[in-house]
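Scroll down for the structure; my scribbles are underneath it.
Protein chains in written order, with our numbering: chain Y, 36 to 146; chain C, 133 to 248.
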C-alpha cells in the first residue's frame, strides 16, 4: 500500500512567521511531488510541484525534496492569515501510476 | 493555463433522482480525468479514473452502476449519480491531468450535492 503521511495539525503560527509543513512517502520510485492548498469548502489548488532533490522557490513558498529520506516539505515565509487552509501533499510515480494524496495538514495563521 | 471547470457548482435533488455533473478542461487536452468525493472535514477520496474513449477504472468500494462516468472527449468527462440517496450528499470534485510528462492534476471547483 503506497502511503503519503502528513501531520493533521492544526499547525498554528503567528502572522509573519515561517510555517513548515512536512510529508513523508513510502514508494521509493516516486518521481513527482506536489503541494496543494485547500480552503474550507473549496477544491484543492496547486501551489508547487517539485521533481528533483533540493529546494524550489516560488514567491513566499519553498518546496524541499529529499528522495533518499523520502521526505518533502513546504515552507511558507511571512505567513499571512490568508494562508490559513489545509495543505495537501501529493506524490506520483512515473509510468501511469495514481497520484496519492496525503490527508492534509491544517494551518492556522494568527493575526 | 490549466483551467478546469465543473458544472453545476451546487445541486439539490430529491431522493431517487439522477444527477449529472460535467467536468471540462478549458485550455488543455486532458489525457486522464479523475473524480473525487470529499465529506466534511475528511480527506479527498478517489472514486474513479477515466481516460478518453475507454471505460473508467473504479476504486474498490465504489459502485460503478451507481456512479456512471463517461469520458467522451479529451476535454469533457461526466459523472452521473444514479438514484441518489441522502448518503450520497457530498462534495464531488473532478481533476484533469495534463499528461505533459509531469502529470500534474488540476482540480475543478467542485459540485456540492445535497440529496433530500
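Even glycine gets a Cβ: it sits at the ideal position worked out from N, Cα and C.
Per DSSP, which one or two residues make a beta bridge with residue i?
i: residue 139 of chain C; result: C:154
i: residue 86 of chain Y; result: DSSP output for residue 86 of chain Y lists no bridge partner at all.
i: residue 46 of chain Y; result: Y:142
i: residue 110 of chain Y; result: Y:55, Y:97
i: residue 126 of chain Y; result: Y:68, Y:135
Mapping DSSP to helix, strand and coil, what is residue i?
i: residue 222 of chain C; result: strand
i: residue 118 of chain Y; result: helix
i: residue 247 of chain C; result: strand
i: residue 192 of chain C; result: coil
i: residue 259 of chain C; result: Nothing about residue 259 of chain C can be read from this structure; chain C reaches only from 133 to 248.
i: residue 171 of chain C; result: coil
Mind checking if residue i is an interface residue toward chain C, Cβ cutoff 7 Å exclusive?
i: residue 127 of chain Y; result: yes
i: residue 134 of chain Y; result: yes
i: residue 138 of chain Y; result: yes
How would you call residue i, buried or exposed, if buried means at least 16 neighbouring beta carbons within 10 angstroms?
i: residue 103 of chain Y; result: exposed
i: residue 74 of chain Y; result: exposed
i: residue 148 of chain C; result: exposed
i: residue 127 of chain Y; result: buried
i: residue 65 of chain Y; result: buried
i: residue 242 of chain C; result: buried
Along chain D, which residues have their Cβ under 7 Å away from the Cβ of residue i?
i: residue 81 of chain Y; result: This model lacks chain D altogether, as its protein chains are Y and C.
Hey, does residue i have any beta-carbon neighbour from chain Y nearer than 7 Å?
i: residue 175 of chain C; result: yes
i: residue 225 of chain C; result: yes
i: residue 185 of chain C; result: no
i: residue 218 of chain C; result: no
i: residue 242 of chain C; result: yes
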